[in-house]
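**Student:**
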Amino acid sequence: MKKLVLALTAVVGLSALSLAQDKVFKPVAGMSSLEVTFDPSTIFNANNYGSTFSLPSTGGLNNGIKYRNWLSENTATRGTFLLGFKNATSPTALISSIGDKVDAKNTYFEWAVQLRPGIERHFSGTKRLSPYMGSELIIGFGSNKYTEQSLDANDAIVESVIKNGTSDVSGNNIAWSYLNGFTIGAGLVGGFDFYVAESLYLGLEMNYAFMYNGRFDVKTTLPGQGEVTTNAGSSWFLTPSAGANLRLGWNF
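For the sequence shown, my numbering gives the first residue as 696, with consecutive numbering after it.
1) Counting only the same chain and skipping the five closest in sequence on each side, list residues whose C-beta sits under 6 Å from that of Val856.
2) List the residues that DSSP assigns as beta-bridge partners of Asp888.
3) Please confirm whether Asp850 and Asp795 have their CB atoms less than 9 Å apart.
4) Given that a residue counts as buried once 16 or more other Cβ atoms are within 10 Å of its Cβ, and exposed if not, what is Asp816?
5) Assuming Gly886 and Leu899 make a contact with CB atoms under 8 Å, what is their CB distance in whole Å?
6) Please go through the same chain and pick out, in chain order, the residues whose beta-carbon is closer than 8 Å to the beta-carbon of Asn868, but skip the five residues on each side of it.
7) Does the distance from the C-beta atom of Gly829 to that of Gln809 stay below 9 Å?
8) To the nearest whole angstrom, what separates the beta carbons of Phe776 and Asn940, a pair I think is in contact under 8 Å?
9) Give me whichever residues DSSP pairs with Arg816 in a beta bridge.
10) Ends of the beta strand (DSSP E) at Glu893?
11) Short of 6 Å in beta carbon distance, which residues of its chain neighbour Asn946, apart from the five on each side in sequence? Order them along the chain.
12) For Ile760, I'd like the list of residues in its chain whose CB is within less than 8 Å of its CB, leaving aside the five on either flank, ordered along the chain.
13) Taking the DSSP output, what are the residues bridged to Asn801?
14) Return the first residue and the last residue of the beta strand (DSSP E) that Lys858 is part of.
15) Under the DSSP definition of a beta bridge, which residues are partnered with Trp871?
16) Quick one: is Thr951 buried, meaning 16 or more other Cβ sit within 10 Å of its Cβ, or exposed?
17) Could you tell me which of Ala881, Val797 and Lys914 sits nearest to Val853, measuring between CA atoms?
18) For Asn946, which three-state DSSP category applies?
19) Please report the straight-line C-alpha distance between Gln844 and Ile793, rounded to a whole angstrom.
20) Comparing C-alpha positions only, which one of Gly779, Arg763 and Lys781 sits nearest to Arg663?
21) Could you tell me the distance, in whole angstroms, from the CA atom of Ala892 to the CA atom of Gly813?
22) To which residues of the same chain is Leu703 closer than 6 Å at the C-beta, ignoring the five residues directly before and after it?
23) At which residues does the beta strand (DSSP E) containing Pro918 begin and terminate?
24) So what's Phe836 in DSSP terms, helix, strand or just coil?
25) I'd like the list of long-range same chain contacts for Gly876, defined as Cβ closer than 6 Å, with 5 residues on each side in sequence excluded.
26) Grab me the residues of Val864's own chain with a C-beta within less than 6 Å of its C-beta, minus the 5 sequence neighbours each way, in chain order.
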């Protein structure tokens with residue numbers, strides 16, 4: 696904790712060196728912004744194995760690229776976007792009925808599309824401090840498929856397929872990266888940008904969001920059997936939250 700405080704003190708100290716300079720730190724109409732989350736404790740704490748920089752996230756949603764477009768000095772549209780695909784193959788060795796080794800594989804595939812458009816209203820603050828409030832919509836889709844190979848009675852490779860499931864054929868949990876199903880919601884946001892240099896800011900943000908997630912039906916197909924469909928249910932929440940890390944952004 697002390698190291699984190701020292702890191703923040705150093706950042707603020709660097710910004711103080713240029714207080715006397717007559718510069719315009721805040722964005723003007725027509726500018727754009729990109730940002731990442733920043734965890735300075737990973738630099739000074741050897742026991743923290745997290746990422747120093749990562750992409751922003753809200754609630755149970757995945758990380759995405761956050762972009763702002765400044766309509767004026769006080770108004771900005773914002774959007775956080777994700778288009779992701781992941782495919783992984785895990786080789787496995789099967790033993791035939793006569794004791795021969797047969798090479799096989801298990802395949803994991805998933806995809807997700809998430810979009811969070813919104814708008815921000817920035818208040819006067821100070822020369823470097825820009826507090827704001829805003830809102831955003833939350834829309835997302837995601838799906839996954841697990842394919843497992845095995846041998847049938849004739850030692851031929853056959854496949855078991857589970858779509859939108861949370862476990863494999865044996866019931867072992869699968870840690871998927873993307874949120875499954877259809878997601879919709881809305882949130883209120885509030886935070887601040889503090890400009891440590893011209894067009895470079897650090898900030899924090901809170902949000903109060905409602906989000907509904909309806910998981911897609913689980914579809915299981917086993918060798919020699921038809922497809923079995925199981926309803927996966929849904930979930931929703933209405934809760935406030937705040938990012939534990941700093942936001943590091945830049946205007947251009």
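Even glycine gets a Cβ: it sits at the ideal position worked out from N, Cα and C.
**Tutor:** Quick answer:
1) Thr842 and Thr916
2) Ser825 and Gly898
3) yes
4) The sequence given here places Arg at residue 816; Asp does not occur at that position. Classification of Arg816: exposed, given that the 10 Å Cβ count is below 16.
5) 5 Å
6) Thr861 and Ser862
7) no
8) Not really, about 20 Å apart at Cβ, beyond 8 Å.
9) Thr770 and Met828
10) That residue, Glu893, is in no beta strand (DSSP E); it is neither H nor E in DSSP.
11) Pro722, Met726, Ser728 and Ser894
12) Leu729, Leu750, Thr775, Phe776 and Leu777
13) Ser785 and Glu843
14) Ile852 to Lys858
15) DSSP output for Trp871 lists no bridge partner at all.
16) Only positions 696 to 947 of the chain appear in the structure, and residue 951 is not among them; the question remains open.
17) Val797
18) strand
19) 18 Å
20) In the structure as shown, the chain begins at 696 and stops at 947. Residue 663 is therefore absent and cannot be evaluated.
21) 26 Å
22) Any reading at Leu703 must be qualified, since the residue scores a pLDDT of 48, below 50, and its modelled position is unreliable; the value itself is stated next. Once the five neighbours on either side are set aside, Leu703 has no close Cβ partner at all.
23) Premise fails: Pro918 is in no beta strand (DSSP E) and is neither H nor E.
24) strand
25) Asn908, Gly909, Arg910 and Phe911
26) Glu843 and Ser855
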